[in-house]
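Q: Pasting a structure here, questions to come.
In my numbering, the protein residues as written are 909 to 1056.
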């Protein structure tokens, strides 16, 4: 039986479901939370931005490309979710992946999928469904993922 894992995500919460081919019911596999994902950038700052003290030598300053703390936090969360999906594909726990996520977080997760997982990605939906639960979430997922 073919198994599809469905990741429902935004930048601070994600749920993973499994759908076995031919079954209507979705089985919840995991629930992920990133409490820092909703924090304001200033709350995540720990250092002075822009300047990195250099080593010894003639050039003592280096400027890193500007990425705010909130964007970094979202990237870390997306990398973790993609890693979870990558491991599932590599271990043959599922054959297909679907991602239903808010924009631009959807692109962030996709960018961290390995080539094998990217091939298994059969459905992508740019929509945040993390605020729904139970039968309402399952109904909306069926509408988003199943052909009309």
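For glycine and all other residues, C-beta sits at the position ideal for the given N, C-alpha and C.
1) Where residue 1033 and residue 990 are concerned, what is the direct C-alpha to C-alpha distance, given to the nearest angstrom?
2) For residue 1026, which of helix, strand or coil comes out of DSSP?
3) Flag this pair as yes or no: are the beta carbons of residue 1017 and residue 1049 separated by less than 8 Å?
4) Leaving aside the five residues before and after residue 923 along the sequence, list all residues of the same chain whose C-beta is less than 6 Å from its C-beta, in chain order.
5) Residues in its own chain within less than 6 Å of residue 942 by CB, not counting five upstream and five downstream?
6) Quick check: the Cα distance between residue 1010 and residue 1036, rounded to an integer number of angstroms?
7) Measuring only the C-alpha atoms, how far is residue 935 from residue 976?
8) Please classify residue 980: does DSSP put it in a helix, a strand, or coil?
9) So the beta strand (DSSP E) residue 922 belongs to, where does it begin and stop?
A: Put simply:
1) Here residue 1033 corresponds to residue number 125 of the chain shown, with the count starting at 1. Here residue 990 corresponds to residue number 82 of the chain shown, with the count starting at 1. Spanning the two alpha carbons is a distance of roughly 16 Å.
2) For the purposes of this step, residue 1026 is identified with residue 118 of the chain shown, where counting begins at 1. Helix at residue 1026.
3) Counting from 1 along the chain shown, the entry for residue 1017 is found at position 109. Counting from 1 along the chain shown, the entry for residue 1049 is found at position 141. Contact: no.
4) Your numbering for residue 923 matches position 15 in the chain shown. The answer, listed in chain order, is 916 and 939.
5) Translated into positions along the chain shown, residue 942 becomes position 34. Here the set comprises 920 and 985.
6) Taking the chain shown and counting its residues from 1, one reaches residue 1010 at position 102. Taking the chain shown and counting its residues from 1, one reaches residue 1036 at position 128. Looking at the two C-alpha atoms, the distance is approximately 5 Å.
7) Start at 1 with the first residue of the chain shown, and residue 935 comes out as number 27. Start at 1 with the first residue of the chain shown, and residue 976 comes out as number 68. Answer to the nearest angstrom: the Cα atoms are 36 Å apart.
8) If you number the chain shown from 1, residue 980 lands on position 72. DSSP places residue 980 in helix when its eight states are reduced to three.
9) Taking the first residue of the chain shown as position 1, residue 922 is located at position 14. Here the beta strand (DSSP E) through residue 922 covers 921–928.
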